[in-house]
Amino acid sequence: MARKQVPLRLDPAVYDAIANWATDEARSTNAQIEMMLREQLRKAGRLPKNIGDIPKPGRPKENP
Numbered sequence: 001m002a003r004k005q006v007p008l009r010l011d012p013a014v015y016d017a018i019a020n021w022a023t024d025e026a027r028s029t030n031a032q033i034e035m036m037l038r039e040q041l042r043k044a045g046r047l048p049k050n051i052g053d054i055p056k057p058g059r060p061k062e063n064p
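This is how it looks when you write it as structure tokens:
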């Protein structure tokens, strides 16, 4: 499935806080925003059932 591109305007301080959090968890800022949105959708009971889990942070392990 193709990813949807969405322009997003954020307060610079909010962006910096998210970017720092993303760095701490070895994610891109974009992945961190998606993780935050998915978590809030899940908590609100609005995340569709067919949506997969968010990949774990960091680089994927190489196959031996």
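Numbering of the sequence shown is given in the UniProt record's numbering, commencing with residue 1 and proceeding in unit increments.
For each residue, glycine too, the CB sits at the ideal point set by N, CA and C.
When only Cα atoms are considered, residue 29 and residue 51 end up about 20 Å apart. Under the 10 Å beta carbon count, residue 22 is surrounded by 16 or more other beta carbons and is classified as buried. Secondary structure at residue 5: coil, using DSSP grouped into helix, strand and coil.
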